[in-house]
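Engineer:
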Amino acid sequence: MAVKLNKIIQTIEALAPEKLAEDWDNVGLQVGSRQQRINRILLTLDITVDVVDEAVKKKVDLIIAHHPFIFNGLKTLSTDFEKGQIIEQLIKNEVAVYVAHTNLDKAAKGLNHYLAEMIGLESIKTLEHSNPAAYYKLVVFTPVEASQKIIEVLGKNGAGAIGDYDYCTYRSTGIGTFRPLQGANPFVGQINKLTCVSEDRIEAIVAAPDLKNLIAALKRNHPYEEMAYDVIALENGDLINENGLGKIGVLSQPLEASGFITHIKTRLGLTALRGAGELPDIVRRVAICSGAGADMIGLAKAKRADVLITGDLKHHDGQRALENNIWVLDAGHYGTEKWVTNCFKQMLEAGLGDTCPEMIVAEASRDFIVTY
Ligand SMILES: [Zn+2]
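Note that the sequence shown covers residues 46 to 417 in the numbering used here.
1) Using the C-alpha atoms, what's the distance from Glu-270 back to Pro-231?
2) Pull up the CB-CB distance for Ala-61 and Leu-149, whole angstroms please, since I reckon it's below 8 Å.
3) Within 7 Å: the Cβ of Gly-336 and any heavy atom of ligand 1?
4) Decide yes or no for the touch test of the segment 156–176 against the segment 329–339: beta carbon pairs closer than 8 Å, at least 3 of them.
5) List the residues that DSSP assigns as beta-bridge partners of Met-404.
6) Quick one: give me the first and last residue of the alpha helix (DSSP H) that Glu-197 is part of.
7) Compute the Euclidean distance between the alpha carbons of Phe-116 and Ala-347, then round it to the nearest angstrom.
8) Report all residues from its chain with a CB closer than 7 Å to the CB of Gly-363; omit the five preceding and five following residues, and keep chain order.
9) By DSSP, does Leu-119 sit in helix, in strand, or in coil?
10) Ordered along the chain, which non-local residues of its own chain (more than five positions away) have a Cβ less than 8 Å from that of Asn-237?
11) Cutting at 6 Å between CB atoms, please list the residues of its own chain near Ile-354, excluding the five before and the five after it.
12) For His-308, which residues of its own chain have a beta-carbon under 7 Å away from its beta-carbon, when the five flanking residues on both sides are left out?
13) Return the chain-ordered list of same chain residues with a C-beta closer than 6 Å to the C-beta of Thr-218, the five sequence neighbours on each side being excluded.
14) How far does the beta strand (DSSP E) with Arg-312 in it reach, from first residue to last?
15) Flag this pair as touching only if the segment 64–78 and the segment 100–114 have three or more C-beta atom pairs under 8 Å; answer yes or no.
16) Compute the beta-carbon to beta-carbon distance between Ile-247 and Thr-187, rounded to the nearest angstrom, for a pair I have assumed lies under 8 Å.
17) Quick check on DSSP: helix, strand or coil for Cys-388?
18) Can you give the beta carbon distance from Leu-65 to Lys-151, rounded, assuming they're within the 8 Å contact cut?
19) Which class does Gln-75 belong to by DSSP, given the choice of helix, strand or coil?
20) Quick one: is Ile-342 buried, meaning 16 or more other Cβ sit within 10 Å of its Cβ, or exposed?
21) With a cut-off of 8 Å on the beta carbons, I'd call Lys-194 and Asn-266 a contact; round off their distance for me.
22) Since Asp-106 and Val-140 should fall inside the 8 Å C-beta cutoff, what is the C-beta to C-beta distance between them, to a whole number of angstroms?
23) What does Ser-217 pair with, by DSSP beta-bridge criteria?
24) Could you check whether Ala-252 and Ile-293 sit closer than 8 Å to each other, using their CB atoms as the reference points?
Encoded structure:
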């Protein structure tokens with residue numbers, strides 16, 4: 046079914062907002078227009094000449110990729126170079142390109158969560174919470190009759206989002222007092238008269254990056270000339286916010302190390318696995334970080350993981366695994382991230398339901414590293 050590209054982007058960003066991406070990253074719409082109508086989508090880890098050829102041959106309108114194809118800024122669009130040729134092909138054939146990269150890696154229910162479920166983990170938690178994980182409790186006072194509207198403004202602007210719920214607020218009723226002074230233009234009450242009004246105290250949590258816009262939206266919609274509100278810093282941001290790199294969880298059935306190797310090969314569809322560090326007797330607690338996650342070795346150990354699964358393990362990462370007394374398995378950058386196509390598929394099917402366009406996994410996307 047045809048759906049506007051804008052709707053597809055909104056569906057992905059509801060789970061993996063662009064603001065989660067690292068500063069050095071380049072995510073979002075890279076080629077095309079949000080107004081384009083999309084009938085068919087090609088899902089891929091990387092964008093290469095072969096992937097674009099496949100997109101054209103299979104008449105797709107959109108490529109959704111994990112790795113940015115325009116990354117460090119383009120200096121030229123000359124078609125004497127491969128990048129220029131790819132862009133020419135895409136534009137000539139009206140194929141748009143959308144990228145979700147580190148925002149998808151760090152999303153609470155993004156790629157790492159998908160992988161953690163795939164390898165059978167339970168009680169899944171974030172390995173390294175996004176920094177800063179700052180949250181505030183916003184308290185706003187409003188005349189009772191305006192409460193519903195204020196709650197809608199809170200929810201629409203991201204306040205009260207906790208796990209699988211949004212619009213989480215708490216309201217209690219009391220009496221507010223004020224005295225309008227000369228020059229005021231009060232919604233209720235008279236100049237120089239102490240006024241008592243039945244008011245609601247509405248509370249909701251809000252993530253630090255959303256606070257400024259939220260307060261501005263509330264002020265635009267609040268009936269009072271002077272909106273009374275409090276902003277209270279919270280200490281439990283890490284508990285509210287499950288966004289961040291990597292996941293840690295437990296296997297429902299602990300496995301011996303050899304059984305765990307077989308288990309991971311089967312679940313991730315791998316013919317080989319590299320490893321470093323001492324093998325534990327029993328594997329129960331497992332950390333996973335897609336792509337290149339060797340930086341997580343210390344954190345995985347601190348969080349008592351029996352093993353860390355990641356990709357791109359280098360010689361000195363192996364040394365660190367030994368020094369930290371933790372077992373690390375290298376399932377490959379491609380080996381862990383090729384599953385991003387299924388992750389995108391799951392997100393779009395759940396978010397778009399019957400209106401979801403046809404989705405094809407790119408056959409031309411492949412591991413650049415070959416084991417002979
Ligand atoms: Zn990657």
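For glycine and all other residues, C-beta sits at the position ideal for the given N, C-alpha and C.
Please read all numbers here as calculations on a predicted model, not as lab measurements.
Structural biologist: Result, derived from the coordinates:
1) Taking the sequence shown and counting its residues from 1, one reaches residue 231 at position 186. Taking the sequence shown and counting its residues from 1, one reaches residue 270 at position 225. Distance between the alpha carbons of Pro-231 and Glu-270 is about 6 Å.
2) Looking up residue 61 in the sequence shown gives position 16. Looking up residue 149 in the sequence shown gives position 104. Rounded, the Cβ-Cβ distance is 4 Å, consistent with contact.
3) Position 291 of the sequence shown, counted from the start, is the residue given in the question as residue 336. Under cutoff, so the answer is yes.
4) Yes: at least three Cβ pairs fall under 8 Å.
5) In the sequence shown, counting from the first residue as 1, residue 404 sits at position 359. Answer by DSSP bridge pairing, in chain order: Ile-86.
6) Looking up residue 197 in the sequence shown gives position 152. Per DSSP, Glu-197 belongs to the alpha helix (DSSP H) from 192–201.
7) By 1-based counting over the sequence shown, the position of residue 116 is 71. By 1-based counting over the sequence shown, the position of residue 347 is 302. Their backbone Cα atoms lie some 33 Å apart in a straight line.
8) Taking the first residue of the sequence shown as position 1, residue 363 is located at position 318. Contacts found: Ala-321.
9) What you label residue 119 is simply residue 74 of the sequence shown in a count that begins at 1. If DSSP states are grouped into helix, strand and coil, Leu-119 belongs with coil.
10) Numbered from its first residue, the sequence shown carries residue 237 at position 192. Only Arg-224, Pro-225, Leu-226, Gln-227 meet the Cβ criterion.
11) Translated into the one-based positions of the sequence shown, residue 354 becomes position 309. Cβ neighbours of Ile-354 beyond the five flanking positions: Ile-333, Leu-374, Ala-376.
12) Position 263 of the sequence shown, counted from the start, is the residue given in the question as residue 308. Correct list, in chain order: Leu-300.
13) Position 173 of the sequence shown holds residue 218. Contacts found: Asp-245.
14) For the purposes of this step, residue 312 is identified with residue 267 of the sequence shown, where counting begins at 1. Here Arg-312 belongs to no beta strand (DSSP E); instead the alpha helix (DSSP H) covers 302–313.
15) yes
16) Position 202 of the sequence shown, counting from 1, holds the residue named residue 247. Position 142 of the sequence shown, counting from 1, holds the residue named residue 187. Indeed, because the Cβ distance is near 6 Å, the residues count as touching under 8 Å.
17) Translated into the one-based positions of the sequence shown, residue 388 becomes position 343. If DSSP states are grouped into helix, strand and coil, Cys-388 belongs with the helices.
18) To locate residue 65, count along the sequence shown from 1; it is residue 20. To locate residue 151, count along the sequence shown from 1; it is residue 106. Correct: roughly 5 Å between the Cβ atoms.
19) Numbered from its first residue, the sequence shown carries residue 75 at position 30. Strand at Gln-75.
20) In the sequence shown, counting from the first residue as 1, residue 342 sits at position 297. Buried, since its Cβ has 16 or more Cβ neighbours within 10 Å.
21) The sequence position of residue 194 within the sequence shown is 149, counting from 1. The sequence position of residue 266 within the sequence shown is 221, counting from 1. Yes, they are in contact, since the Cβ atoms of Lys-194 and Asn-266 sit about 6 Å apart, within 8 Å.
22) The sequence position of residue 106 within the sequence shown is 61, counting from 1. The sequence position of residue 140 within the sequence shown is 95, counting from 1. Sure, about 6 Å apart at Cβ, within 8 Å.
23) Locating residue 217 in the sequence shown gives position 172, counting from the first residue. BP columns for Ser-217 point to Arg-246.
24) Position 248 of the sequence shown, counting from 1, holds the residue named residue 293. Position 207 of the sequence shown, counting from 1, holds the residue named residue 252. No.
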